[in-house]
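In this note's numbering, the protein residues as written are 860 to 1396.
This report concerns only the one structure given below.
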Ligand SMILES: NC(=O)c1ccc[n+]([C@@H]2O[C@H](COP(=O)([O-])OP(=O)(O)OC[C@H]3O[C@@H](n4cnc5c(N)ncnc54)[C@H](OP(=O)(O)O)[C@@H]3O)[C@@H](O)[C@H]2O)c1
């Protein structure tokens, strides 16, 4: 019998957290501030300690100071005294993680600190020296993608991973686990993603690999599942009989700025946002109900959905996509100094990297056959916004005369659900309603639900909860290798289409994107949901 849906509340296991890339931006700005917040909320396992690894020479104290600076700027509720208390758990080991000589030191330090922090080392006394005396260990790879393979290989060669033998052992006593969190991007195309998948798979079981997607940590993405499957009235409507189309949008107001040359020009909007995040959101919105809230059951449904997305050939890709890049704003105070993307330092203009991408996708299954899914992401848009729009069909018979203040008489508005993921998490439902008065006039109205207001709660930064899930061993919010593979299979034809690349259109800074994107959705009388200034959903 299927288990009832419930959010796992089990406490995370105590463990050592080993962060590779500890002197870098992500560790200072996101990971450690998130750990500090968890500590203040009492959500960190009691004996948890961190070992940061990178090549820069630093003492533990230097490392704590460097991280303290980041936490004071980025952690919610930073307090000097509380930070000092927490910082005792932070340690540092300088060295190159791609070199084998680091690992004996890392193992020795991990054992020594496990003792200092009172972390259980289940193998104590075992004769098997490959894992004896190591505590539960969570590795976090916060390094450039090309370092993943060499670091994972060194971890394996050093005998720090025992997980594969753990699950199939018979009659063994308690043994430590080893898990690994891997940052995006996972490859730059299908082939390089597969290489990374293979490199990880040679050392870690798939059940121990946590491919992070910080978008999935957001409350509302989890809420999509609750909304769909804890309420009875959405599900009967959630199909091609009632839904006209679906839009998934991630818009950013910022430009690329200084990151253009170093990173963005080799990535672009499709790789950076759609392949890695938006297809995941689409899968949650469109997948079949899982048999339980079990991570494996949810992942299976997401994989099935991604596998059902119709693949297009590179020759046809331009018919199903639009690419753009933003023009200069002329405002020297903005993140690009008022320049257009193509003029930024480090950008190879002839590479024609897109800062905006929109795709029209089809899902070839019984539920969604004939319903297009429009997925778009862009920079320098009028506002920051991540949302899903479920646009329903018009009623089969039009009984009433509708009045739209902007579009005049005789226009009816089909129902629409807007699920806001960021910045204000919430949901709105557009209904047609009668304007009070003697004449029968119909106008669209919105029922709006603001999660922060209703629950009097602020959304959490996603990295903290995601790290806790990995410590709990819950993979619901992380990507399986088949999801990564499927997302690249969907995106690759668009990335390699020469016609699409040649057609990259310049769009105005702070506009809703290129005209080709309007044409992409507008063919059948549809339009993007572009909220007006001040409109929340
Ligand atoms: N920053 C973000 O907001 C963000 C967001 C999403 C994803 N990511 C991803 O997270 C990863 C890290 O990003 P980041 O922004 O933190 O990059 P970063 O600031 O460039 O940091 C990279 C880190 O890797 C270390 N490193 C380089 N070679 C090493 C080696 N051989 N052994 C050990 N450490 C080594 C560097 O330190 P040393 O020079 O001291 O060795 C540095 O600490 C990337 O994959 C990125 O795509 C970052």
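We put the beta carbon where it would ideally sit given N, CA and C, even for glycine.
Scanning the region 1285 to 1310 for uninterrupted beta strand (DSSP E) segments of 3 residues or longer gives 1285 to 1294, 1300 to 1309, listed from N- to C-terminal end. Our two residues, residue 1093 and residue 1343, have alpha carbons roughly 28 Å apart in a direct line.
Looking at 1356, 1162, 1006, the one whose alpha-carbon comes closest to that of residue 1174 is 1356. Taking C-beta separations shorter than 7 Å and ignoring five residues to either side along the sequence, the partners of residue 891 in its chain run 926, 929, 930, following chain order. By a beta-carbon distance limit of 8 Å, residue 1203 does not contact residue 1126. Their separation comes to about 14 Å. Of the heavy atoms belonging to ligand 1, none sits nearer than 7 Å to the Cβ of residue 1241.
Judged by the Cβ position, residue 1017 fails to qualify as a neighbour of ligand 1 at the 7 Å threshold, every heavy atom of the ligand being at least this far. Bounds of the alpha helix (DSSP H) holding residue 1343 are 1340 to 1355.
Residue 924 counts as exposed, since fewer than 16 other C-beta atoms from the protein chains shown sit within 10 angstroms of its C-beta. Within the model, the alpha-carbon separation for residue 1302 versus residue 1090 is close to 27 Å. Looking only at 1213, 1337, 1171, 1390, the smallest Cα-Cα distance to residue 1277 is reached by 1390.
The criterion of a C-beta distance shorter than 8 Å is satisfied by residue 1376 and residue 1217.
With distances taken between CA atoms, residue 1104 lies nearest to 1248 out of 1158, 1248, 977. For residue 1037, the pairing in a beta bridge is given by DSSP as 996. Beta-bridge partners of residue 878 (DSSP): 911, 999.
Fewer than three pairs of CB atoms, one per stretch, sit closer than 8 Å, so the region 905 to 925 makes no contact with the region 1354 to 1372.
Pairing residue 903 with residue 874 gives a Cβ-Cβ distance that is not under 8 Å. Taking all protein chains in view, the Cβ of residue 872 is crowded by 16 or more other Cβ atoms within 10 Å, so the residue is classified as buried. In the three-state reduction of the DSSP assignment, residue 1005 falls in the helix class, which pools H, G and I. Residue 1063: not part of any beta strand (DSSP E); DSSP gives it neither H nor E.
The alpha-carbon separation between residue 1015 and residue 1022 amounts to approximately 11 Å. Not one heavy atom of ligand 1 lies closer than 7 Å to the C-beta of residue 1199. Per DSSP, residue 948 lies in no beta strand (DSSP E) and is assigned neither H nor E. About 20 Å separates the beta carbon of residue 969 from that of residue 1006, a gap too long to meet the 8 Å contact definition. The beta carbon of residue 883 sits closer than 7 Å to at least one heavy atom of ligand 1.
Here residue 1068 is bridged, per DSSP, to 1039. Non-local beta-carbon contacts of residue 959 in its own chain, meaning distances under 8 Å to residues more than five positions away in sequence, involve 1013, 1016, 1017 in chain order.
Taking the Cα of residue 1256 as reference, the smallest distance to any Cα among 1241, 1246, 1243, 1272 is reached at 1272. Rounded to the nearest angstrom, the gap between the Cα atoms of residue 1153 and residue 1209 is 47 Å.
No Cβ-Cβ contact shorter than 8 Å links residue 1396 with residue 1236. With at least 16 other beta carbons inside 10 angstroms of its own, residue 1274 counts as buried. Judged by the Cβ position, residue 879 qualifies as a neighbour of ligand 1 at the 7 Å threshold, a heavy atom of the ligand being closer than this.
Rounded to whole angstroms, residue 1042 and residue 1314 show a C-alpha spacing of 31 Å. If you ignore the 5 residues before and after residue 889, its C-beta comes within less than 6 Å of the C-beta of 1322, all in its own chain and listed in chain order. Fewer than three Cβ pairs drawn from the region 1187 to 1195 and the region 1223 to 1231 lie within less than 8 Å of each other, which leaves the two stretches out of contact.
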